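Note that the numbering used here has the sequence shown beginning at 3, numbered continuously upward. Below you'll find the structure, written out as structure tokens, and then a few comments.
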Amino acid sequence: MQLIDTLADRGVLSEAERARALEAVVAAADRAPHFTLLEKGFVKEDALFPALADEFGLQFVDLTEATVDPQALVGIPQKLVHKKNLMPLARSNGTLVVATADPFDSYAIDELQTITGLQIHPVLGSPKEIARLLKTHFGIGGDNVAAIMATAKQDDDIELLENIEADDSEAAKQAQEATVVGLVNKILIEAAAERASDIHIEHEESGIKIRYRIDGLLQEQRLPQEINRLQAAIVSRLKIMARLNIAEKRLPQDGRIKMKVQGREVDVRVSIIPMVHGEGICMRLLDKGRMVFSLKNIGFLPDYDKKFRQMIDRPHGIVIVTGPTGSGKSTTLYSALNEVKDETTKIITVEDPVEYQQPGICQIQTHSKIGLTFASALRSILRHDPDVILIGEMRDLETSEAAIQASLTGHLVFSTLHTNDAPSAFTRLIDMKVEPFLVASTVEGVLAQRLVRTICPDCKAPFKPEAADEVPIDFPKSKPGTDEPWDVLYKGTGCRTCRNTGYRGRTGIHELLVNTDIVRDLVVQRVNAAVIRMEALKQGMRTLRQDGFYKCLNGTTTLDEVGRTTAGDLS
């Protein structure tokens with residue numbers, strides 16, 4: 003095998019590896035040899051493809067920086083380019099430059115030349131990068147319905163964990179066609195692979211639109227025009243998977259899909275609402291395989307980490323986590339529960355809904371239609387001898403009073419509130435008509451938090467702001483805990499891993515208010531949140547904005563992210 007000899011001559015393969023590689027290639031004679039070498043781990047792409055290009059006399063192109071000419075995509079048979087992994091790059095004077103990952107497959111080039119009538123000039127590229135460019139420029143499901151059917155078995159990596167039922171209606175039959183099933187599976191697989199937290203499927207006058215919420219921001223996904231004729235079948239398929247009524251198109255519906263995507267268990271909460279041009283669908287993805295509930299992953303700076311751990315180690319009292327929807331409150335609470343969990347502690351939670359099932363924790367799902375509310379469940383679980391209680395949300399007087407009563411009788415209670423900052427939690431409870439002296443004596447501390455995107459580690463780079471307006475006026479002049487002035491900040495330059503956004507993943511910024519005797523006196527006096535805030539700042543509390551600035555200095559996030567998330571918090 004000339005390719006193996008070339009790799010050995012270049013020092014990529016040792017003599018022992020050369021013999022094993024040759025054996026592997028011979029055993030898989032029906033596959034292109036370089037794919038076998040990659041799959042078996044004998045060689046990496048950056049060493050393999052330059053050698054392969056030299057062997058075939060082709061140019062190797064780094065597709066991470068390639069620019070695709072829109073004219074090159076006109077009249078291209080999508081089924082063929084997806085099936086053979088061919089990516090048109092440029093078109094000029096009757097010649098089409100096409101990237102291929104398999105130079106052994108000359109028939110694919112000949113077929114493309116016959117169909118388009120153009121002279122094909124092949125170049126060599128990475129198969130992963132070609133697949134990425136195909137998805138970017140032709141869209142999800144861009145291999146059209148015929149190709150989906152042809153590759154349905156290969157791409158169908160979704161296993162439903164609950165049996166689904168469908169009637170004999172025409173809509174149900176269309177939704178169960180292999181074309182539609184394959185397309186919906188592609189959408190879900192793509193969302194899980196991109197770490198999306200939500201999928202938005204929206205109907206507009208011009209057709210269907212799909213957006214993924216990745217790291218807190220919506221990103222639109224390209225779709226081929228042919229998929230618009232399947233939009234009704236896509237909605238019906240999702241309704242069947244969520245066990246909803248596919249005939250009901252006038253009223254909102256909520257359901258749930260339990261499935262495995264590429265071996266990982268994913269729970270999908272489905273909400274469908276009728277809109278002007280059709281039914282809008284929002285799906286919240288809870289990827290249990292990716293979630294690790296640990297305080298180490300919350301993003302606390304060392305001083306806040308120490309204070310929060312001390313707070314949750316107390317035998318009784320109430321610990322409140324506040325913030326808007328999607329700010330990571332549930333993740334922080336689950337992490338705190340896992341920190342205090344052991345064989346000697348009984349933990350019971352009341353949630354709406356139970357998002358993540360945790361071993362060693364007794365979890366209750368509320369059911370308001372039969373009277374199982376936060377308050378009624380809380381009164382009952384006190385007879386189950388718990389040590390720690392989690393209440394999903396203190397949303398009314400009855401629930402808040404029950405939580406306070408549980409705290410006064412020797413239980414540690416965790417809960418959430420929807421307030422903008424930590425001091426406002428005290429005034430919010432008093433606004434619910436809870437007696438101020440009860441609030442002051444039971445609440446041990448309040449943690450307010452937001453989520454900010456973290457800088458992509460693969461393209462992270464230092465930079466020094468040159469213009470005065472690049473740094474906010476309230477940004478620290480020195481590094482935390484020192485008088486040493488800072489010299490550089492960090493940002494992501496954009497790369498393939500982060501989809502050229504410069505960010506990958508999220509972390510928390512926090513505002514931790516620990517209750518003290520002075521704060522208790524202020525709460526009893528019914529002062530407003532601003533007064534409590536000023537006192538907490540004197541005692542060492544950092545605002546969300548200040549905590550975010552410190553995380554800019556240590557290279558976790560950027561000024562733009564902190565500014566976007568804490569707009570208006572100019573303390």
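Where a beta carbon is used, it is the ideal one built from N, C-alpha and C, also for glycine. Computed from a predicted structure; not experimentally measured.
Asked	Found
Buried versus exposed call for Ile-350 [16 or more other C-beta atoms within 10 Å across all chains shown]	buried
Separation of Glu-446 from Val-525, as counted between CA atoms	13 Å
Spatial distance of Lys-155 from Lys-260 (CA atoms)	Residue confidence is low: Lys-155 scores 41 on pLDDT, short of 50, so the model does not pin down where it sits. Its coordinate-derived value is still stated next. For Lys-155 and Lys-260, the distance between alpha carbons rounds to 20 Å.
Bounding residues of the alpha helix (DSSP H) (the contiguous stretch that carries Glu-207)	Neither: Glu-207 is in no alpha helix (DSSP H) and is coded neither H nor E.
Alpha carbon of Gly-550 to alpha carbon of Val-564, nearest angstrom	6 Å
Backbone secondary structure at Ile-363 - three-state DSSP	coil
Inter-stretch contact (C-beta, 8 Å, three-pair minimum) for the segment 269-287 and the segment 204-221	yes
Touch test, the segment 469-485 against the segment 504-520, Cβ-Cβ under 8 Å, three pairs minimum	no
Per-residue burial, Lys-86 [other beta carbons within 10 Å of its own, 16 or more giving buried]	buried
Inter-residue Cα distance where the pair is Val-390 and Leu-339	8 Å
Whole-Å CB distance - Ala-74 paired with Pro-90, under 8 Å assumed	4 Å
Member of Lys-553, Leu-555, Cys-554 and Arg-547 whose CA lies at the smallest distance from the CA of Ala-569	Arg-547
Nearest-angstrom beta carbon gap, Leu-54 and Leu-126 [assumed within contact, 8 Å]	6 Å
Residue closest to Arg-1, alpha-carbon to alpha-carbon, out of Thr-347, Val-294 and Leu-303	This structure does not reach residue 1, given that the chain is present from 3 up to 573, and the question cannot be answered.
The segment 301-317 / the segment 226-233 touching (three or more Cβ pairs under 8 Å)	no
Host beta strand (DSSP E) of Gly-257 (start-end)	255-263
CA-to-CA distance, Gly-483 to Leu-24, given in whole angstroms	60 Å
Member of Pro-79, Ala-198 and Val-342 whose CA lies at the smallest distance from the CA of Cys-500	Ala-198
Local conformation of Arg-544 per DSSP, three classes	coil
According to DSSP, residues forming a beta bridge with Phe-465	Leu-491
Of the listed residues Leu-374, Glu-400, Gln-407 and Val-99, nearest to Leu-384 (C-alpha basis)	Gln-407
Residue interval of the alpha helix (DSSP H) (run including Val-342)	331-342
Contacts around Ala-442, its chain only, beta-carbon distance under 6 Å, and the 5 residues preceding and following it disregarded	Arg-522, Val-525 and Val-526
Range of the contiguous alpha helix (DSSP H) that encloses His-36	35-41
Cβ contact (3+ pairs, closer than 8 Å) linking the segment 525-544 and the segment 322-333	no
Reference Thr-66, options Tyr-358, Ser-128, Thr-429 and Arg-292, closest by Cα	Ser-128
Under 7 Å between C-beta atoms of Gly-96 and Gln-115	no
Cβ neighbour criterion (16 or more within 10 Å) applied to Ile-150	Since pLDDT at Ile-150 reaches only 45, below the 50 mark, its modelled position is unreliable, and the value read off the structure follows with that caveat. By the neighbour-count rule (16 or more Cβ atoms within 10 Å), Ile-150 is buried.
Best match in Arg-498, Gly-496, Pro-478 and Cys-497 for proximity to Val-490 [C-alpha to C-alpha]	Pro-478
Close-in-space but distant-in-sequence residues of the same chain around Leu-515 (CB under 7 Å, 5 per side omitted)	Ala-424, Pro-425, Gly-447, Val-448, Ala-538 and Met-543
Inside the segment 496-531 only - beta strand (DSSP E) runs reaching at least 3 residues	505-516
His-369 (DSSP reduced to helix, strand or coil)	strand
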